[in-house]
Amino acid sequence: MAILMLPNDIISEVQALKVGGLDTNKLIYTIRIKVFSVLNDDGAVSTENMGYTRLCSVNMSKNRRYCVETLKNMFDKARIRINLNLLGVLVSDLEDDDYEGKCNCIVGSSDNPLFPLLSLVAEASQENKNDENHYKCKHGDFPDIA
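Our numbering applies: residue -8 is where the sequence shown begins, and numbers increase by one.
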């Protein structure tokens, strides 16, 4: 089994592989769940590892900058599996999802606030009947930045 690492533009790369004769239903797409960076009050990039449980446990300010996944972004990433006819999705960095439900975000068909990003990817990558509005938080925003 060979592992093929593709650059960030997954859609154009998979389409090019398809044109070259690759059977895309043998490919697995990796989606990372990360809080990529947070700017401290002094403007420096925080070096601490901060997942969504921790991020939603602190009072987030609009005066700070956050580089986080949005539900829309995760929805779009999950739908790549269906749109490009890939075998599946591998979700990495689960420890950075909101495993304690601190963000209080319930998405899709779930009735549980635990692991909202994983829940979204698991459901949206397997069905194609609901639009992105089905995957918005039932209460508030994710993450809630006041």
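Even for Gly, the Cβ is constructed at its ideal location relative to N, Cα and C.
Take F27 and list the residues in its own chain whose beta-carbon comes closer than 6 Å to its own, dropping the five residues that flank it on each side.
-> The count along the sequence shown starts at 1 and reaches residue 27 at position 36. Same-chain partners within the cutoff: C58.
The alpha helix (DSSP H) enclosing V112, as first and last residue numbers | Translated into positions along the sequence shown, residue 112 becomes position 121. Counting along the chain, V112 sits inside the alpha helix (DSSP H) bounded by residues P107 to A115.
For the alpha helix (DSSP H) containing Y43, list its first residue and its last residue.
-> Against the sequence shown, residue 43 aligns to sequence position 52. If you look at Y43, you'll find it in the alpha helix (DSSP H) that goes Y43 to L46.
Would you report the Cα separation of T15 and L75, rounded to the nearest angstrom?
-> To locate residue 15, count along the sequence shown from 1; it is residue 24. To locate residue 75, count along the sequence shown from 1; it is residue 84. Those two C-alpha atoms are separated by around 7 Å.
Status (buried if at least 16 other CB within 10 Å, exposed otherwise) for V112 | By one-based count along the sequence shown, residue 112 stands at place 121. So V112 ends up on the buried side.
Any C-beta of chain D sitting closer than 7 Å to the C-beta of K120?
-> This model lacks chain D altogether, as it is built from one protein chain only.
Assign S87 to one of two classes, buried (16 or more other C-beta atoms within 10 Å of its C-beta) or exposed (fewer than that).
-> Along the sequence shown, one-based indexing puts residue 87 at 96. One detail in the question is off: residue 87 reads as Asp in this sequence, not Ser. Burial call: buried.
Identify which residue in N31, L78, L8 and N64 has its Cα closest to the Cα of Q117.
-> On the sequence shown, position 126 is the one that residue 117 refers to. For the residues N31, L78, L8 and N64, the minimum Cα distance to Q117 belongs to L78.
Limits of the unbroken beta strand (DSSP E) element including R72 = What you label residue 72 is simply residue 81 of the sequence shown in a count that begins at 1. DSSP places R72 outside any beta strand (DSSP E); the residue lies instead in the alpha helix (DSSP H), whose first and last residues are L62 to N74.
In terms of residues, what are the limits of the alpha helix (DSSP H) holding I1?
-> For this step, residue 1 is matched to residue 10 along the sequence shown. I1 -> alpha helix (DSSP H) spans I1 to V10.
Return the Cβ separation of S100 and E114 in integer angstroms, given the expectation that the two are a contact with Cβ distance under 8 Å.
-> Taking the first residue of the sequence shown as 1, we reach residue 100 at position 109. Taking the first residue of the sequence shown as 1, we reach residue 114 at position 123. That belief holds up - the Cβ atoms of S100 and E114 are roughly 6 Å apart, short of 8 Å.
Looking at the structure shown, is Y126 part of a helix, part of a strand, or coil, going by DSSP?
-> For the purposes of this step, residue 126 is taken as the residue at position 135 of the sequence shown. The DSSP-derived three-state label of Y126 is helix.
Excluding the five sequence neighbours on either side, which residues of its own chain have a C-beta within less than 7 Å of the C-beta of F133, listed in chain order?
-> As a working mapping, residue 133 is identified with position 142 in the sequence shown. Taken in chain order, the residues that qualify are L62, C94, C96 and P107.
Spell out the partners DSSP gives I22 in its beta bridges.
-> Taking the sequence shown and counting its residues from 1, the one referred to as residue 22 is at position 31. Answer is V82.
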